[in-house]
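*Asks:*
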Amino acid sequence: MTGWDISPPGVEFVTSLVEDAMDDLAKDVKAYGTDVMSAAASAGTISGVYCGEAPTGLIGVALSLFAERTAGDVLFLGARAAKSVNGAREATAYYVIGDEETAARAQRNALAAPRIDMPGDGKGDAKK
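Here the sequence shown is numbered in this note's numbering, starting from -12 and rising by one per residue.
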């Protein structure tokens, strides 16, 4: 084929490495959420020990807001990686059967940013 020089075994090797990294990232994201919640709860408050159950302090609020506002970026990382892996595999499959036009379309589709629907917003999960 003109313009394409793909090693299908090389694509599979690299995409499998990316999938392994995605698994590690998923574990880190889960730990991130748990750790931020723990840090927010442990950050203390300026109210003192005489107020009964202490309200969340300023540091806890700041950590919670940070986690809330960066959640979309964190979810985007996984969605972007998954879309890239799937797109590379799809384009390679079309390349192998000689359909260069569809391979190019699959490659272009994989380059588009994934749409992220935040959990709890009623729109579903991250989409590819």
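Virtual Cβ for every residue (Gly too), placed ideally from N, Cα, C.
1. Contact check, residue 5 vs residue 72 under 8 Å by CB: the rounded distance?
2. For residue 84, count the other beta carbons within 10 Å of its own beta carbon; 16 or more makes it buried, fewer makes it exposed. Which is it?
3. Between the C-alpha atoms of residue -5 and residue 96, what's the straight-line distance to the nearest angstrom?
4. If you draw a straight line from the alpha carbon of residue 124 to that of residue 18, how long is it in whole angstroms?
5. Is there a C-beta anywhere in chain D that falls below 8 Å from the one on residue 72?
6. Opposite residue 95 in the DSSP bridges: which residues?
7. Need the endpoints of the alpha helix (DSSP H) that residue 76 sits in, please.
*Replies:* Let me lay it out:
1. Counting from one through the sequence shown, the residue named residue 5 turns up at place 18. Counting from one through the sequence shown, the residue named residue 72 turns up at place 85. At roughly 5 Å, the Cβ-Cβ gap stays under 8 Å, so residue 5 and residue 72 are in contact.
2. Reading the sequence shown from its first residue, position 97 is the one you call residue 84. So residue 84 counts as exposed.
3. Taking the first residue of the sequence shown as 1, we reach residue -5 at position 8. Taking the first residue of the sequence shown as 1, we reach residue 96 at position 109. When rounded, the distance between both Cα atoms is 19 Å.
4. The structure shown does not extend to residue 124, since the chain spans only -12 to 115, so no value can be given for it.
5. Included in the structure is just one protein chain, with no chain D present.
6. Along the sequence shown, read from residue 1 onward, the residue named residue 95 stands at position 108. Answer is none; residue 95 lacks a bridge partner.
7. Locating residue 76 in the sequence shown gives position 89, counting from the first residue. Run containing residue 76: 45 to 83, per the alpha helix (DSSP H) assignment.
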